[in-house]
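Take my numbering: the final residue in the sequence shown is number 76, and no numbers are missing along the way.
Even glycine gets a Cβ: it sits at the ideal position worked out from N, Cα and C.
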Amino acid sequence: MTTIRKPATIESVITNLRKSQEDIRRLKEKYPEVTVSLNVILKEQKRIIDMLEKLKDELHAYGVKEVI
Numbered sequence: 009m010t011t012i013r014k015p016a017t018i019e020s021v022i023t024n025l026r027k028s029q030e031d032i033r034r035l036k037e038k039y040p041e042v043t044v045s046l047n048v049i050l051k052e053q054k055r056i057i058d059m060l061e062k063l064k065d066e067l068h069a070y071g072v073k074e075v076i
């Protein structure tokens, strides 16, 4: 599990979610009996990543460089 020690930016949250997805993919290989549950988590994480990237792009369009 990743612990964020400093204020998180949108980019750092996206990065941590992607790392988490890599961990979940490894778990799917190790424990195939929970693949369905892990797929749900991966799908939700992907949805959150997409929303955060869209928010980041919209904020950049307004001139905001970083959000903490």
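Would you mind giving the Cβ-Cβ distance between leucine 25 and isoleucine 49, rounded to the nearest angstrom? I have them listed as a contact below 8 Å. Between isoleucine 49 and leucine 25 the Cβ distance is about 11 Å, and since that is not below 8 Å, they are no contact.
Of the residues Arg34, Asp58, Met59, which one's Cα is nearest the Cα of asparagine 47? Arg34
Is glutamate 61 near threonine 17, with beta carbons less than 8 Å apart? no
Under the three-state reduction of DSSP, which class applies to proline 15: helix, strand or coil? coil
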